Structure formats: structure tokens, C-alpha cells
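In this note's numbering, the protein residues as written are 19 to 479.
So this is what it looks like as C-alpha cells:
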């Protein structure tokens, strides 16, 4: 039997690579190693610029060349790291040796011993993860979510005045507008986006058990806490002063829980849109050349929303596992976080893939006003709520003596389909003030939408 050449076992790296490839710049092994090199180089620059540990400042051209090499991290460095790690059997140590080689090429052997000085691997790793996750959120995941929100906001405005039958418990209920129902998701997702934007990306840089012991042994007169804070904040991160060997990962748990919450809202959106399609409220726009069913030629299936559901569930399975796992580390350090964090990109990848499907799915549907109108016209019984509420107000105002208006409307409407003529006859026989009676007689399911369209103004605040 012919053996296949090496193949990806994750669909994110195979079938769906095009939809998620932007994440690879940050949440891949190569992306992590690029960040590690960046942190190691910046630590060298910081130490020498402050003449710490016996060093003297580098020339500006030397710093520029070192930073340019780190920024241009690419396939040659990836390949060389693999060669080094094959010997070291330690990924961060391999990065240290790679940086030392670059120092030698640049004639900077005099500072070689400052590479990784006073650092534990976690000092480099926690900063690198914080940097890569922060970039992945800002440059890939968030723009994808914002694109979905923008499309939802556009459709909310487009359909803000289009009446629609509500369904509570799956049954006809007080009408609304299609735009208002879409706007609910815009509001919910914007709240999550704002809260995700407030997450701190914490970093520690304090040595083997978070005490600065080696630092103080080498330079007892230096203010190492201030140095650590300046270095971490200089990388664009928030400083965590009190840790064990590892940064405690609470910020990661908070972030992944927030993204998982956004995923759940998106899942709700996908199931709602799927359901609206199934009852004809939305028409699907056929994609040229696409096949809906291998045997039923007429079908246009809502696959974008179905794919989104599955990928959101997979994303949450990983992100919620990470949020639970990463906050626990035995005593001052264990390695459970190391393997777990290698799957951050998988959790984000399934969310990004879902966002891509939702965005594409939203672009392939149109509302069906005639279906919405027909559904409203078939359910005049939903006006029972309005009628019994008006009667209550009229009784309170002394313009009616009807007792138990709720029971009267329940007897008329519960479990029954009644039409416009039935309601007109019922309302005409009620003891009500003329203005209230006329208001009810003019009401239709399509106009019984309250402030639904006006509520979209909250999206602008």
C-alpha cells in the first residue's frame, strides 16, 4: 500500500488553512519563537543601555542591526532552531544559543554572557505568550469579530422597521422587528468586545522563583524591581510583581473565558439565523456552482451557520479547558501549563473559522418580507396581550368595569387561531372609552411593535 506524504491532522492546518492563516504569525511554534527572540534581544538592549552587570552601551547601529535580525525572524531561523533543539532538547535554551550565534556574527561576543542572564525559561515564555496572544487578538481575532458586528449592524439598520413575529418558547408572541432582533446581538457582542479590550496582558520577569535572587547576587545595588517593571512595560505589557517561577496566568483565564462568552453569543446568533432560514424568514442566495445536497438538487443548505456552530463548540472546549487548567500550578512550578498553552492557537483558530463562516453566511441571506407579513397576518391572537392591558388601564381609570380581562382574553385566544374579524367583533363589544377602543381597532400584528425600531438608537451610544 502506498503511504501518503506527511499530512496535517488538524483541519485548521489543512482544509481551513486559508481562513485562519493569519493566526500562524503569532500562535504557532514559529510565532512563539519569534517572540522569544524578540524578548531576549530586548533584554540585551535594556541591560547594555543601562550599563547593568558590567556592560557598556551598544552603538545605535549595533542595536538597529540586532533588532532588525529579530524582526526578520523567518525560515532560516526556524530551521536553525530545530537543529539546535535536536541537541539541547530544550526550546528556550535553543533560542538562547541562536541569539548567541547572532551576537557572534555581529561581532558582539563581548555581551554574549548577558544572553538570558538571570532569566528562567518562564521569564521569556510568559512574556512571549503575552505578546503573541495580544497580537493575535488585536490583529486577527478582533478584526474578524468587528467585521461580523459591522455586518449585523448594517442588517439591523436595513431591517429596523420590518415587522416580524416573535417566538417565545417557539410559539407566536408579541411582534417585533427583524432589525431589533439583530440589534440585540450587536449590543451583546459589543459589550464583550469592550470587556475583552480591558483585559490586562500581564508579564513577570523576576527569576527562578520570583524573588530576584540571582539578580541581587550579581548586582546588589541595582533596583531590580524597577528594572523588571520598566522592561515588561517597555514591551507593551502589564507588570505582575508577585509571582512564583511562573506568571500566574490569571489574565489568560480571564481572556479565554471572555472569548468563550463571545463564542456562546455567536453560537446563539448562528442557531437563530438557522432557525429563521428554516421557517422562511430569510432566503438564502445561491452561490454559483455550489451544491446543496448530493442527491436533492433543489437544496440550499445553511452550512455556514452549521459550520460556525461546530467550530464555536470546539473553540470553547479548548478555551474553557485552558482557563481552568492554567490557573493552577503546583507550589512554585509544574509543567502542566507548558503543554496546555501550545493549544492556544487551536482554540483561537476554531473561533476565527466560525467568524469567517458567520460573516460569509450573513452575506448570503436576504429577508423575505412577504413571509414575515403572512406569518403576522395569520396570528391575530397575539393582540390579546394589548387588549387585556388596555382594559386594565381603562378599569383603573374608571372608564370600564370589566372584571378579570386576562381571563376574558385567555378564553378568546388561548390555543386558538383567530382572525382580524374575530378581534374587531370582540373589541367592538367591550366597555371601553372611545379613544382606547379606536386605538385597539386600528391595531394589527404588523403595527404592534412598540418601540422596536427606536431601540436601535442604543447601538449609537
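Glycine included, C-beta positions come from ideal geometry on N, C-alpha and C. Computed from a prediction, not measured in an experiment: that's the story for all the values here.
Ignore the nearest five residues each way along the sequence and tell me which others in residue i's own chain have a CB closer than 8 Å to its CB.
i           : result
residue 382 : 302, 303, 305, 322
residue 46  : 363
residue 118 : 130, 133
residue 464 : 181, 193, 391, 394, 395
residue 122 : 130
Ignore the nearest five residues each way along the sequence and tell me which others in residue i's own chain have a CB closer than 6 Å to its CB.
i           : result
residue 315 : Note that residue 315 has pLDDT 45, beneath the 50 cutoff, so the model's placement of it is unreliable and no number is given.
residue 371 : 34, 37, 38, 329
residue 374 : 37
residue 162 : 370, 373
Residue i lies in the alpha helix (DSSP H); which residues open and close that run?
i           : result
residue 372 : 362 to 380
residue 236 : 231 to 236
residue 444 : 438 to 446
residue 423 : 423 to 431
residue 406 : 402 to 414
residue 189 : Where residue 189 is concerned, there is no enclosing alpha helix (DSSP H), although the beta strand (DSSP E) it sits in stretches over 189 to 195.
residue 456 : 452 to 460
Beta-carbon separation of residue i and residue j under 9 Å?
i           : j           : result
residue 284 : residue 166 : yes
residue 348 : residue 140 : no
residue 148 : residue 219 : yes
residue 299 : residue 340 : no
residue 60  : residue 252 : yes
residue 153 : residue 268 : no
residue 120 : residue 159 : no
residue 226 : residue 234 : no
residue 454 : residue 408 : yes
residue 232 : residue 136 : yes
residue 52  : residue 471 : no
residue 144 : residue 245 : no
For the beta strand (DSSP E) holding residue i, just list the boundary residues, first then last.
i           : result
residue 150 : Taken as a continuous stretch (DSSP letters only), residue 150 belongs to no beta strand (DSSP E), being part of the alpha helix (DSSP H) at 139 to 154.
residue 186 : 181 to 186
Can you tell me whether residue i is helix, strand or coil according to DSSP?
i           : result
residue 349 : coil
residue 320 : coil
residue 383 : strand
residue 284 : helix
residue 215 : helix
residue 300 : strand
residue 161 : helix
residue 355 : helix
residue 241 : coil
residue 394 : helix
residue 260 : coil
residue 337 : helix
residue 474 : helix
residue 468 : coil
residue 220 : strand
Leaving aside the five residues before and after residue i along the sequence, list all residues of the same chain whose C-beta is less than 7 Å from its C-beta, in chain order.
i           : result
residue 410 : 423
residue 101 : none
residue 210 : 276, 279, 280, 283
residue 191 : 184, 185, 400
Legend entry - Those runs of the alpha helix (DSSP H) which lie wholly inside the region 35 to 113 and span at least 4 residues: The qualifying runs are 35 to 38, 42 to 45, 47 to 67, 78 to 89, 93 to 106.
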